[in-house]
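> Numbering of the sequence shown is given in my numbering, commencing with residue 7 and proceeding in unit increments.
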Amino acid sequence: MNIQKTGFSTKLIHGGEIDDQFGSATVPIYQTSTFSFDSAEDGAKCFSGESDGYIYTRIGNPTISALEGQIALLENGFGAIAVSSGMAAATTIYLGLLSSGDHIVSTDAIYGPSRSVVEKQFVRFGFQATYINTADIEAVKNAIRPNTKMLYIETPANPTMDITNLAACAEIAHKNGILMVVDNTFCSPYLQNPLDFGADIVFHSMTKFINGHADVVAGIIIAKEDAIYAKLRNMMINMGCNMDPHQAYLVLRGIKTLSIRIDRAQENAQKVAWFLENHPKIAWIKYPGLKSHPQFQLAKQQMRGSGAMISFGLKSGFEGAKTLMNNVHLALLAVSLGGVETLIQHPASMTHSKVSVEDKNKAGITDDLIRLSVGIEDFNDIIEDLQQALEKI
Ligand code: LCS
């Protein structure tokens, strides 16, 4: 069977297979740090690239390769590089593709550390960055400088749920000879394939939807072309932010149910969004599946579903948010997202606390913003839990 021609869910079940002499139904865990060579000549060929045999797990490992092959297939990329976390993916991309004096144009409301690592660490290496609302295409055009080398997009943005037009950004990037990177964590490849809209590099925190069971921290980078893939793989190997075979095995297990988990989670999220939109204590809500979302139409064009992430604000502001978070019983008061369990958190004081107050406000990460990651529990239990906690305000 040609796996390339199968549907998405078939790729989830069979796309991560490798040759196995015993016919194992799952990918075995090659829990080894090193691989012996058949001969001195064979070892030299592995190192020169003449042979593609495995050498050492930081460089490559069959269990990890199975996952990389599967995700490259799901994202329609040339190749994928599995790494130890989503942040390892972001830092490998920054350090692998930028040099001192290069400028990044980026979505302002991105995962807090993806921004603060540039503003607080990589400025020491001469990186420059301009953070804007990339949902505003004119702002993207105006932010480009002669030394801009990377357009870094997160859509939907964490935590504002603003949506950036991928095709329009790719056009701007390519006209200006700039690499376009998309953090696709909020969608997973099931809901969005940025490479198909012209992006050059996509990455995921697989800690979230792809693994989906709140038991692994992991990341992956997918490159559209071989030259970028080679640069990024080389950077990963040298930084040593490789994945571990056991971590890869757990993600290979979790990913099998990605489509049915997201189908259920986004069905729940839509119902929760309608409930919150009509609740008298809610001041505003942003969910791509609501007609009130400013980019409702764009979401329909570039996403195959509305996802499971919701942001909303209470009329009673941060005080009300604290009461809500302290009174939920089913939803876990926890950061992370994209798992089978419903999670609630407060980005301004938690995930985005390292971004300055001024930058947070400019990016729309206001004090009243609460973020929900809707899980796959029975929707009436999720709503009942929110209802009783909202009554405490
Ligand atoms: N990109 C996005 C969009 C994320 O949401 C996260 C983590 C990362 C990258 C980094 O991935 P990690 O290294 O954690 O695997 N987001 C988190 C969040 O919103 N709450 O806790 C972690």
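Where is the CB? At the ideal position from N, CA and C, for every residue including glycine.
Going by Cα to Cα distance, which pick from Asn199, Gln198, Gly204 and Met167 is closest to glycine 183?
The sequence position of residue 183 within the sequence shown is 177, counting from 1. Of the listed residues, the one whose Cα sits closest to glycine 183 is Gly204.
> Could you tell me which of Gly13, Gly66 and Ile116 sits nearest to alanine 88, measuring between CA atoms?
For this step, residue 88 is matched to residue 82 along the sequence shown. It is Gly66.
> Taking 7 Å as the line, does the beta carbon of tyrosine 100 fall inside it for any heavy atom of the ligand LCS?
To locate residue 100, count along the sequence shown from 1; it is residue 94. False, no ligand heavy atom lies under 7 Å from that Cβ.
> Using only alpha-carbon positions, find the residue among Glu347, Lys292, Cys247 and Phe133 that is nearest to isoleucine 382.
The residue labelled residue 382 in the question sits at position 376 within the sequence shown. It is Glu347.
> Can you tell me whether isoleucine 24 is buried or exposed? The criterion is at least 16 other CB atoms within 10 Å of its CB, across all chains shown.
Against the sequence shown, residue 24 aligns to sequence position 18. The residue in question, isoleucine 24, is exposed, as its Cβ has fewer than 16 Cβ neighbours within 10 Å.
> Evaluate the contact criterion for the stretch 246-258 versus the stretch 218-226: three or more CB pairs, one atom per stretch, below 8 Å.
The answer is yes - the stretch 218-226 touches the stretch 246-258, with three or more Cβ pairs under 8 Å.
> So who's on the other strand from lysine 472, going by DSSP bridges?
The displayed coordinates of the chain run from 7 to 399. Any statement about residue 472 would go beyond what the structure contains.
> Closest to tyrosine 293 by C-alpha separation, out of Phe324, Asn164 and Val363, would be which residue?
Position 287 of the sequence shown holds residue 293. Comparing Cα positions, the closest option is Asn164.
> For lysine 214, count neighbouring C-beta atoms within 10 Å of its own C-beta (all shown protein chains included) and say buried if the count is 16 or more, exposed if not.
Along the sequence shown, read from residue 1 onward, the residue named residue 214 stands at position 208. Its Cβ being crowded by 16 or more others within 10 Å, lysine 214 is buried.
> According to DSSP, is leucine 336 part of a helix, a strand, or is it coil?
Counted from its first residue, the sequence shown places residue 336 at position 330. Leucine 336: coil per DSSP, three-state reduction.
> So leucine 201 and glutamate 81 are in contact, right, with Cβ under 8 Å, and what is the actual spacing, rounded?
Position 195 of the sequence shown, counted from the start, is the residue given in the question as residue 201. Position 75 of the sequence shown, counted from the start, is the residue given in the question as residue 81. Contact flag correct, Cβ pair sits at about 6 Å.
> Express the C-alpha separation of aspartate 206 and leucine 197 in angstroms, rounding to a whole number.
The count along the sequence shown starts at 1 and reaches residue 197 at position 191. The count along the sequence shown starts at 1 and reaches residue 206 at position 200. Rounded to whole angstroms, leucine 197 to aspartate 206 spans 18 Å at the Cα level.
> Compare the Cα-Cα distances from isoleucine 261 to each of Gly344, Val208 and Thr38 and report the closest residue.
For the purposes of this step, residue 261 is taken as the residue at position 255 of the sequence shown. Comparing Cα positions, the closest option is Gly344.
> Quick one, which of Leu264, Ile371 and Ser298 has its alpha-carbon nearest glutamine 276's?
The residue you call residue 276 lines up with position 270 of the sequence shown. Out of Leu264, Ile371 and Ser298, Ser298 has the C-alpha closest to the C-alpha of glutamine 276.
> Could you tell me if lysine 17 is buried or exposed, where buried requires 16 or more neighbouring beta carbons within 10 angstroms of its beta carbon?
For the purposes of this step, residue 17 is identified with residue 11 of the sequence shown, where counting begins at 1. It counts as buried.
> Excluding five sequence neighbours on each side, which residues of the same chain lie with their C-beta closer than 6 Å to the C-beta of glycine 118?
Start at 1 with the first residue of the sequence shown, and residue 118 comes out as number 112. For glycine 118, where only same-chain residues beyond five positions count, the Cβ hits under 6 Å are Thr357, His358, Lys360 and Val361.
> Kindly indicate which residue of Met245, Asp142 and Ile216 has the alpha-carbon position closest to the one of arginine 267.
Along the sequence shown, one-based indexing puts residue 267 at 261. Ranking Met245, Asp142 and Ile216 by Cα distance to arginine 267 puts Ile216 first.
> What residues are listed by DSSP as bridge partners for tyrosine 158?
Residue numbering aside, residue 158 sits at position 152 when the sequence shown is read from its first letter. Paired residues: Ser112 and Val187.
> Under a Cβ-count criterion, where at least 16 other Cβ atoms within 10 Å of its own Cβ denotes burial, should aspartate 168 be classed as buried or exposed?
Position 162 of the sequence shown, counted from the start, is the residue given in the question as residue 168. The residue in question, aspartate 168, is buried, as its Cβ has 16 or more Cβ neighbours within 10 Å.
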